[in-house]
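Colleague: Throughout the sequence shown, residue numbering follows our numbering, covering 20 to 136 in sequence.
Backbone N, C-alpha and C define an ideal beta-carbon position, used for all residues, glycine too.
First the structure, then my questions, so here it is.
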Amino acid sequence: MTHAHISTWAVALILFVVAIALQKSGKAKGAKIVSMVLRLFYILIVATGVLLLWNINLTGDYIIKGIMGIVVIGLMEMISVRTRKAKSTTVLWVIFVAALAYVIYLGFSLDMGMNFF
């Protein structure tokens, strides 16, 4: 299940970059399709994350990681919508990068992760 969770995150991040690039290039129809597929991946990310949490002994760190993961998904959606509406996204990008780095750090440093750190 861990590989499914990591894979859905990786595909979602790629789709997010593609959606933003399509929106900025003015291809609204393509961006809309990619955004809808990205929303499906949000659901898959949450589902695989819940299944992972279901199979372990929950600690506060895992709950924080889950909440921060949902925050990252929310930031991805907010950046996408604000880009579509041609509004400023600088602050959201800074928060997104910081939150994503923190979630990745937690994912690798907790018991179920790989010991890179």
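Counting C-beta neighbours from all protein chains within 10 Å, is the total for T109 16 or more, i.e. buried, or is it exposed?
Modeller: Along the sequence shown, read from residue 1 onward, the residue named residue 109 stands at position 90. With fewer than 16 Cβ atoms within 10 Å of its Cβ, T109 is classed as exposed.
Colleague: Would you mind stating whether L125 and M87 have Cβ atoms separated by less than 9 Å?
Modeller: Locating residue 125 in the sequence shown gives position 106, where the first residue counts as 1. Locating residue 87 in the sequence shown gives position 68, where the first residue counts as 1. Result yes, Cβ atoms of L125 and M87 sit closer than 9 Å.
Colleague: Nearest to T102 by alpha carbon, out of A118, I92, K43?
Modeller: Stepping through the sequence shown from its first residue, residue 102 is reached at position 83. Comparing Cα-Cα distances from T102 to each of A118, I92, K43, the minimum goes to K43.
Colleague: Just the C-alpha distance for L34 and L119, rounded to the nearest angstrom, thanks.
Modeller: One-based indexing of the sequence shown puts residue 34 at position 15. One-based indexing of the sequence shown puts residue 119 at position 100. Between L34 and L119, the C-alpha separation is close to 15 Å.
Colleague: Within this structure, are the beta carbons of S99 and A38 separated by less than 9 Å?
Modeller: Locating residue 99 in the sequence shown gives position 80, where the first residue counts as 1. Locating residue 38 in the sequence shown gives position 19, where the first residue counts as 1. Yes.
Colleague: Once you ignore the five residues that flank F60 on each side, which residues in its own chain have a CB closer than 8 Å to its CB?
Modeller: Counting from one through the sequence shown, the residue named residue 60 turns up at place 41. So the list reads T27, V30, A31, L34, once near-sequence residues are dropped.
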